[in-house]
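Chemist:
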Amino acid sequence: MDKRRIGIVGGGPAGLMAAEVLAARGHAVSVLEAMPTIGRKFLLAGKSGLNITHSEPYDRFAARFGAAGAHLRPALDAFTPGDLRAWAEGLGTKTFVGSSGRVFPVAMKASPLLRAWRARLEGQGVAIRVRHRWTGFAPEGLRFETPDGVAVMAFDAVLLALGGASWPRLGSDAAWIDGLAEQGVGIVPFRPANCGFDVDWSPVFAERFAGAPVKGVTAQSAAGTIPGEFVVSKTGIEGSLVYAHAAALRDALEASGAASLTLDLAPGRSLARLAADLARQGGKASFSSRLRKGAGLDGVKAALLRECVRDVHILPPDALAAAIKALAISLVRPRPIAEAISVAGGIRFDAIDADYGLKALPGVFVAGEMLDWEAPTGGYLLTACLATGRAAAEGIDRWLSNRAD
1 MDKRRIGIVG GGPAGLMAAE VLAARGHAVS VLEAMPTIGR KFLLAGKSGL NITHSEPYDR
61 FAARFGAAGA HLRPALDAFT PGDLRAWAEG LGTKTFVGSS GRVFPVAMKA SPLLRAWRAR
121 LEGQGVAIRV RHRWTGFAPE GLRFETPDGV AVMAFDAVLL ALGGASWPRL GSDAAWIDGL
181 AEQGVGIVPF RPANCGFDVD WSPVFAERFA GAPVKGVTAQ SAAGTIPGEF VVSKTGIEGS
241 LVYAHAAALR DALEASGAAS LTLDLAPGRS LARLAADLAR QGGKASFSSR LRKGAGLDGV
301 KAALLRECVR DVHILPPDAL AAAIKALAIS LVRPRPIAEA ISVAGGIRFD AIDADYGLKA
361 LPGVFVAGEM LDWEAPTGGY LLTACLATGR AAAEGIDRWL SNRAD
């Protein structure tokens, strides 16, 4: 039997994983990537240490995907964090578990893994064609802009793995939305996820403290109470602790137009102890001295108190302690989606079947961040992209087998 030709549009983790699975099943696979190289977002994410997955108990891991968890669970069950680590090791990338439970390659880089992965794919016969930008459907197949002009390519099945809308300069620009919507595919508008937020800082605070890290705090929102750190920016706040609360804060802003991230600037002390420590400071001492000696606060933490609490310097010890233990930073809006690490929204799960095939377009499958799901940082995003790419590949193989029968 002639090999079935499969076109995978998008050379990110979801598309490459699908290519690997399908090539192993004996299909003729072409990966068509708009950018000059594959895996650009993958490489950039790995510059500061590639977080490939998380080591927490699997049931807790699978619960990190919110409302989409039930839809994603079969794909995650078939490619768990443990399976991902074994897969990476098969490509010569040993991994380790960091103190946070996150899993990283020993080399702490994405490039060695991507090079080995590409070599495996090419060894399987996968054709990788870069600078091939998909521009829509044609009667004869898929239309691409290529270095040699417009080309139309026909395939027996197609996987779209085009990413979401974050980091558009790396290729995920959501240009596919209108074309699929015109074909009757249900799509939830994209929203930023794992993002920073704007705050109406005073000019003096923004100028002095932009870039300052805020460490050793806990933050509270509808997402819960989480320890960590974040960074003050000229426009607001960003960083890992903010990202952990981003979905809850974004949803609150959308629902009511208001949201606050509540900080405990001294999580190691109880409210009663903090009030007592502050009360012991002499009345003639400066506010800065009372904060430093009584609460251990100075620098950006002290400045945040002054910025967010009116007349904080005249508060009595018990009220000052309460402000330190529950400092509300009022948020204005999420940062633009192009700056977000990832997105919420995308193709609705009721628009696809159990094999990740588009109901409106038989023979066309989707995977990765094109789908309507979100997850926190910590390896969850990459794991789900790889798992859905694998699940879609299995679906394509079944679909082709059923057609042959």
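Using full-length UniProt numbering, read the sequence shown as starting at 1 and increasing by one per residue.
For each residue, glycine too, the CB sits at the ideal point set by N, CA and C.
1. Go ahead and label Leu-44 buried or exposed: buried means 16 or more other beta carbons lie within 10 angstroms of its beta carbon, across all protein chains shown.
2. Where do the ends of the beta strand (DSSP E) carrying Gly-236 lie?
3. Hey, quick one: how far does the alpha helix (DSSP H) through Asp-277 stretch, first residue to last?
4. Excluding sequence positions up to five away, which residues of its chain have a Cβ less than 8 angstroms from the Cβ of Arg-85?
5. For a test of the three-state rule: what should DSSP assign to Pro-213, helix, strand or coil?
6. Taking the Cβ atom as the reference point for each residue, do Ser-12 and Lys-47 lie within a distance shorter than 8 angstroms?
7. Measuring only the C-alpha atoms, how far is Ala-88 from Leu-114?
8. Who are the Cβ neighbours of Asp-59 in its own chain at under 8 angstroms, not counting the five residues just before and after it?
9. On a Cα-Cα basis, can you pick out the residue from Arg-5, Ala-67 and Ser-111 that is closest to Val-31?
10. Taking Ala-302 and Leu-291 to be in contact with their CB atoms under 8 angstroms, please state how far apart those CB atoms are, rounded to whole angstroms.
11. Taking only the alpha-carbon atoms, compute the straight-line gap between Ile-187 and Ala-34 and give it to the nearest angstrom.
12. Please state whether DSSP places Met-1 in a helix, a strand or coil.
13. Hey, Val-343 and Ile-352: beta-carbon distance below 8 angstroms or not?
14. Tell whether a beta-carbon distance below 8 angstroms holds between Val-9 and Ala-161.
15. For Ser-256, which of helix, strand or coil comes out of DSSP?
16. Looking at the strands, I want to know which residues DSSP matches up with Gly-141.
17. Between Leu-381 and the rest of its own chain, which residues show a CB-CB distance below 7 angstroms, the 5 nearest in sequence each way excluded?
18. If you draw a straight line from the alpha carbon of Leu-361 to that of Trp-134, how long is it in whole angstroms?
19. Please go through the segment 27-87 and give each complete alpha helix (DSSP H) segment of 4 or more residues, from N-terminal end onward.
20. Report yes if the CB atom of Ala-157 is closer than 8 angstroms to the CB atom of Trp-399, and no otherwise.
21. Please list the terminal residues of the continuous beta strand (DSSP E) segment that includes Gly-287.
22. Note down the Cα distance separating Arg-118 from Gly-171, rounded to an integer number of angstroms.
23. Spatial neighbours of Arg-191 within its chain, please: C-beta separation below 6 angstroms, excluding the five flanking residues on both sides.
24. How about Ala-384 and Phe-61: are their beta carbons less than 8 angstroms apart?
25. Please name the residue, chosen from Glu-254, Gly-296 and Ser-286, that lies closest to Leu-274 on a Cα-to-Cα basis.
26. Take Ala-116 and list the residues in its own chain whose beta-carbon comes closer than 8 angstroms to its own, dropping the five residues that flank it on each side.
27. If you check the beta carbons only, do Ile-329 and Val-231 fall under 8 angstroms apart?
28. Need the endpoints of the alpha helix (DSSP H) that Ala-154 sits in, please.
29. Between Met-1 and the rest of its own chain, which residues show a CB-CB distance below 8 angstroms, the 5 nearest in sequence each way excluded?
30. Across which residues does DSSP place Ser-342 in a beta bridge pair?
31. Please list the terminal residues of the continuous beta strand (DSSP E) segment that includes Ser-330.
32. Out of curiosity, what's the CA-to-CA distance linking Gly-164 and Ala-151?
33. Compute the distance between the beta-carbons of Ile-226 and Ala-244, then report whether it is under 8 angstroms.
34. Under the three-state reduction of DSSP, which class applies to Gly-363: helix, strand or coil?
35. If Ala-14 sits next to Thr-388, beta carbons under 8 angstroms apart, how far is it from one beta carbon to the other, in whole angstroms?
36. Rounded to whole angstroms, what's the CA-CA distance from Ile-347 to Ser-270? Just pull it up for me.
Modeler: Reading it off the structure:
1. Position 44 of the sequence shown holds residue 44. Exposed, since its Cβ has fewer than 16 Cβ neighbours within 10 Å.
2. As a working mapping, residue 236 is identified with position 236 in the sequence shown. Run containing Gly-236: 236-238, per the beta strand (DSSP E) assignment.
3. Within the sequence shown, numbered from 1, the residue matching residue 277 stands at position 277. Element bounds for Asp-277: 271-279.
4. In the sequence shown, residue 85 corresponds to position 85, counting from 1. Excluding positions up to five away in sequence, the list reads Ile-52, Thr-53, Thr-95 and Val-103.
5. Counted from its first residue, the sequence shown places residue 213 at position 213. The answer is strand: DSSP assigns Pro-213 an E or B state.
6. Numbered from 1 along the sequence shown, position 12 holds the residue referred to as residue 12. Numbered from 1 along the sequence shown, position 47 holds the residue referred to as residue 47. For the record, residue 12 in the displayed sequence is Gly; it is not Ser. Not a contact, by the Cβ cut-off of 8 angstroms.
7. Counting from one through the sequence shown, the residue named residue 88 turns up at place 88. Counting from one through the sequence shown, the residue named residue 114 turns up at place 114. Computed Cα separation, rounded: 10 angstroms.
8. Mapped onto the sequence shown, residue 59 falls at position 59. Here the set comprises nothing.
9. Along the sequence shown, one-based indexing puts residue 31 at 31. Nearest of Arg-5, Ala-67 and Ser-111 to Val-31, Cα basis: Arg-5.
10. Locating residue 302 in the sequence shown gives position 302, counting from the first residue. Locating residue 291 in the sequence shown gives position 291, counting from the first residue. Their Cβ separation, rounded to whole angstroms, is 5 angstroms, which keeps Ala-302 and Leu-291 in contact under 8 angstroms.
11. Here residue 187 is taken as the residue at index 187 of the sequence shown, counted from 1. Here residue 34 is taken as the residue at index 34 of the sequence shown, counted from 1. C-alpha separation (whole angstroms): 22 angstroms.
12. For the purposes of this step, residue 1 is identified with residue 1 of the sequence shown, where counting begins at 1. Caution is warranted here: a pLDDT of 48 is assigned to Met-1, below 50, making its placement in the model unreliable, and no coordinate value can be reported.
13. Within the sequence shown, the letter at position 343 stands for residue 343. Within the sequence shown, the letter at position 352 stands for residue 352. Not closer than 8 angstroms, so no.
14. For the purposes of this step, residue 9 is identified with residue 9 of the sequence shown, where counting begins at 1. For the purposes of this step, residue 161 is identified with residue 161 of the sequence shown, where counting begins at 1. Cβ distance < 8 angstroms, so Val-9 and Ala-161 count as in contact.
15. For the purposes of this step, residue 256 is taken as residue 256 along the sequence shown, with counting starting at 1. If DSSP states are grouped into helix, strand and coil, Ser-256 belongs with the helices.
16. Within the sequence shown, the letter at position 141 stands for residue 141. The partner list for Gly-141 (beta bridge, DSSP) reads Ala-138.
17. Counted from its first residue, the sequence shown places residue 381 at position 381. Ser-342 and Ala-375.
18. One-based indexing of the sequence shown puts residue 361 at position 361. One-based indexing of the sequence shown puts residue 134 at position 134. Each residue's alpha carbon lies about 16 angstroms from the other.
19. 40-45, 58-62 and 69-78
20. Here residue 157 corresponds to residue number 157 of the sequence shown, with the count starting at 1. Here residue 399 corresponds to residue number 399 of the sequence shown, with the count starting at 1. Yes.
21. In the sequence shown, residue 287 corresponds to position 287, counting from 1. Residue identity differs from the one stated: residue 287 is Phe in this sequence, not Gly. Here Phe-287 belongs to no beta strand (DSSP E); instead the alpha helix (DSSP H) covers 287-295.
22. Sequence index remark: in the sequence shown, residue 118 carries index 118 (1-based). Sequence index remark: in the sequence shown, residue 171 carries index 171 (1-based). For Arg-118 and Gly-171, the distance between alpha carbons rounds to 18 angstroms.
23. On the sequence shown, residue 191 is found 191 positions in, with the first residue counted as 1. Here the set comprises Ala-344 and Gly-345.
24. The count along the sequence shown starts at 1 and reaches residue 384 at position 384. The count along the sequence shown starts at 1 and reaches residue 61 at position 61. It is not a contact, given that the beta carbons lie outside the stated cut-off.
25. For this step, residue 274 is matched to residue 274 along the sequence shown. It is Gly-296.
26. In the sequence shown, counting from the first residue as 1, residue 116 sits at position 116. Excluding positions up to five away in sequence, the list reads Leu-91, Gly-92 and Thr-93.
27. Position 329 of the sequence shown, counted from the first residue, corresponds to residue 329. Position 231 of the sequence shown, counted from the first residue, corresponds to residue 231. Cβ distance not < 8 angstroms, so Ile-329 and Val-231 don't count as in contact.
28. Indexing the sequence shown from 1 puts residue 154 at position 154. No alpha helix (DSSP H) contains Ala-154, which DSSP labels as neither H nor E.
29. Here residue 1 is taken as the residue at index 1 of the sequence shown, counted from 1. Because the pLDDT at Met-1 is just 48, under 50, the model does not fix this residue reliably, and the value given afterwards should be weighed accordingly. Answer for Met-1: Ala-404, listed in chain order.
30. One-based indexing of the sequence shown puts residue 342 at position 342. According to DSSP, which records beta bridges pairwise, Ser-342 is partnered with Ala-193.
31. Within the sequence shown, the letter at position 330 stands for residue 330. Per DSSP, Ser-330 belongs to the beta strand (DSSP E) from 327-331.
32. Taking the sequence shown and counting its residues from 1, one reaches residue 164 at position 164. Taking the sequence shown and counting its residues from 1, one reaches residue 151 at position 151. Whole-angstrom Cα-Cα distance: 24 angstroms.
33. Translated into the one-based positions of the sequence shown, residue 226 becomes position 226. Translated into the one-based positions of the sequence shown, residue 244 becomes position 244. Contact flag set, yes.
34. For the purposes of this step, residue 363 is identified with residue 363 of the sequence shown, where counting begins at 1. Three-state result, Gly-363: coil.
35. To locate residue 14, count along the sequence shown from 1; it is residue 14. To locate residue 388, count along the sequence shown from 1; it is residue 388. Indeed, because the Cβ distance is near 6 angstroms, the residues count as touching under 8 angstroms.
36. Stepping through the sequence shown from its first residue, residue 347 is reached at position 347. Stepping through the sequence shown from its first residue, residue 270 is reached at position 270. Between Ile-347 and Ser-270, the C-alpha separation is close to 46 angstroms.
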